[in-house]
Amino acid sequence: MNHLQSWPEPVVRVQALSESGLTKIPDCYIKPATDRPSPKNLDDTHINIPVIDLQNLLSNNQTLQYETLSLISSACKEWGFFQVVNHGVSHELMKQARETWREFFDQPLDLKQKYANSPSTYEGYGSRLGVDKGAKLDWSDYFFLHYMPASLRNQSKWPALPQSCRKLIAAYGEETVKLCEKLMKVLSINLGLGQDHLQNAFGGTKDIGACLRVNFYPRCPQPDLTLGLSPHSDPGGMTLLLPDENVSGLQVRKGNEWVTVKPVPNAFIVNVGDQIQILSNAIYKSVEHRVIVNAVKDRVSLALFYNPKSDLLIQPIKELVTKDRPALYQPMTYDEYRLYIRTNGPCGKAQVESLKHR
Ligand code: OGA
Ligand code: NI
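Numbered per the UniProt record's numbering, the sequence shown finishes at 358, counting up by one with no gaps.
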């Protein structure tokens, strides 16, 4: 994997570029006209991804329980996305996690550079996905780290400053992973499987992967020409996104339109990743999404990726393969699968499509 040892071009921190006060963005961030955010403003529409109250799953009212399961089921099939409220994660912890990461990015550049990442592991402070020389780049920086499995958890690679950062990452990881485990049971039941079936297909609870990518989208003088994050589906199992409380930016594909997600206070945005699309034999959809940027405000988001054990073969679950619905995908390990986005950068749904049997 020699070609993954270093970036093909000198790394430019988008935040530093933004703070330099430039009025025109460099060419490498200018997307072809067809890929730019559409001028049509879907913010004004009342369409939003479904919002689901998870507390209703614990209700004594069985009808309410079934209705809630059914809402989640439709969301996984029709949107690949939903928001959850009353999810059990402390709102205070969510707020502190967001704050500490905002403080991290607000620190001087040389302090952050100590964590500069490379394309071989992606761990640390980064500014691009993919290693194609001359590729169009996204208007964002990020910090990527491993929380699970325990063998990959290395606190010395997490920010030492702000002082609260490492402790908060650990607490946030613990709480969000618990929530993912709950959601895995719900999805499994909704697929007509035993409640632990999907989790077992991920390799149990100990050896799964959980990674955090904190995205920082600096304000941009020409937001109509670029994107904060290009269209992609998440390669992993399931994503729990904590969006910025002040600035929207995430857009989800619905047919030929991009719907801007309107975050509900204290909610998480949940989305199905490619590995659950594959395991569910495409009953659940891993849906394309992208991020638009803003002329006046920076935006911070925390994406917790919940992934299968990385050396396990992932393929459609036997019970979901029938004569009428044969297995759609070839088996592949997640280790092998994620090399694609790490090499090519975000490419819509090209990767999961490429796994289809021919
Ligand atoms: C991601 C992602 C969306 C956002 O990190 O994969 O889609 O709003 N993030 O930052
Ligand atoms: Ni994503």
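Glycine is no exception: its CB is placed at the ideal position from the N, C-alpha and C atoms.
Minimum C-alpha distance to residue i - residue among the options
{"i": "V14", "options": "R299, F305 and S354", "result": "R299"}
{"i": "R98", "options": "D53, E175, K309 and C165", "result": "C165"}
{"i": "D263", "options": "T343, Q83, Y334 and I25", "result": "In the sequence as presented, Asp is not what sits at residue 263; that position holds Pro. The option with the nearest alpha carbon to P263 is Q83."}
{"i": "R253", "options": "K24, N266, R290 and L4", "result": "R290"}
{"i": "K133", "options": "P50, L4, P243 and A303", "result": "L4"}
{"i": "V177", "options": "R338, Y306 and P162", "result": "Y306"}
{"i": "L242", "options": "Y334, R128, E175 and D311", "result": "E175"}
{"i": "Y329", "options": "I341, R342 and Q351", "result": "Q351"}
{"i": "K356", "options": "Q277, S301, P308 and P346", "result": "Q277"}
{"i": "G345", "options": "D27, I52, R128 and G249", "result": "R128"}
{"i": "K297", "options": "Q107, A210 and P223", "result": "P223"}
{"i": "S140", "options": "Y217, T322, K95 and K114", "result": "Y217"}
{"i": "P32", "options": "N86, L137 and V11", "result": "L137"}
{"i": "P162", "options": "C180, K112 and Q195", "result": "K112"}
{"i": "R153", "options": "D207, N256, V85 and H87", "result": "D207"}
{"i": "G21", "options": "R219, G249 and Q155", "result": "R219"}
{"i": "K77", "options": "M94, M332, R325 and S286", "result": "S286"}
{"i": "C28", "options": "V11, I72 and E257", "result": "V11"}
{"i": "W7", "options": "I189, T333, G255 and A116", "result": "A116"}
{"i": "T100", "options": "D244, L250 and A327", "result": "D244"}
{"i": "N281", "options": "L240, P331, S301 and S233", "result": "P331"}
Per-residue DSSP class, three states only, for residue i
{"i": "I317", "result": "coil"}
{"i": "L137", "result": "coil"}
{"i": "Y284", "result": "coil"}
{"i": "K349", "result": "coil"}
{"i": "P223", "result": "helix"}
{"i": "R166", "result": "helix"}
{"i": "Y217", "result": "strand"}
{"i": "N2", "result": "Summary for N2: the model assigns pLDDT 45, below 50, so the residue's position carries little reliability, and this model does not support an answer."}
{"i": "W258", "result": "strand"}
{"i": "F268", "result": "strand"}
{"i": "Q83", "result": "strand"}
{"i": "R102", "result": "helix"}
{"i": "K114", "result": "coil"}
{"i": "L355", "result": "coil"}
{"i": "T34", "result": "helix"}
{"i": "Y337", "result": "helix"}
{"i": "P10", "result": "coil"}
{"i": "R128", "result": "coil"}
{"i": "A16", "result": "helix"}
{"i": "L22", "result": "coil"}
{"i": "V186", "result": "helix"}
{"i": "H232", "result": "strand"}
{"i": "N307", "result": "strand"}
{"i": "R253", "result": "strand"}
{"i": "A327", "result": "coil"}
{"i": "I72", "result": "helix"}
{"i": "G302", "result": "Rather than Gly, the amino acid found at residue 302 in this sequence is Leu. L302: strand per DSSP, three-state reduction."}
Ligand 1 heavy atom lying under 7 Å from the CB of residue i
{"i": "V264", "result": "no"}
{"i": "T226", "result": "no"}
{"i": "T68", "result": "no"}
{"i": "R36", "result": "no"}
{"i": "G249", "result": "yes"}
{"i": "L129", "result": "no"}
Sub-8 Å separation of residue i and residue j beta-carbons
{"i": "N271", "j": "G126", "result": "no"}
{"i": "G228", "j": "I169", "result": "no"}
{"i": "L198", "j": "L304", "result": "no"}
{"i": "I283", "j": "L191", "result": "yes"}
{"i": "Q275", "j": "I314", "result": "yes"}
{"i": "P221", "j": "I25", "result": "yes"}
{"i": "E288", "j": "G348", "result": "yes"}
{"i": "D335", "j": "S354", "result": "no"}
{"i": "I30", "j": "V261", "result": "no"}
{"i": "N215", "j": "V247", "result": "no"}
{"i": "K157", "j": "G124", "result": "yes"}
{"i": "L109", "j": "A16", "result": "yes"}
{"i": "A201", "j": "L320", "result": "no"}
{"i": "L69", "j": "V186", "result": "yes"}
Ligand 2 heavy atom lying under 7 Å from the CB of residue i
{"i": "L210", "result": "What sits at residue 210 in the sequence shown is Ala, not Leu. It does not: the Cβ of A210 is nowhere closer than 7 Å to a heavy atom of ligand 2."}
{"i": "A303", "result": "yes"}
{"i": "H289", "result": "yes"}
{"i": "T205", "result": "no"}
{"i": "H232", "result": "yes"}
{"i": "T260", "result": "no"}
{"i": "C176", "result": "In the sequence under discussion, the amino acid at residue 176 is Thr, which differs from the Cys named in the question. False, no ligand heavy atom lies under 7 Å from that Cβ."}
{"i": "T100", "result": "no"}
{"i": "T322", "result": "no"}
Any chain C beta carbon closer than 8 Å to residue i
{"i": "L17", "result": "Checking the listed chains, one finds no chain C in this structure; it contains a single protein chain."}
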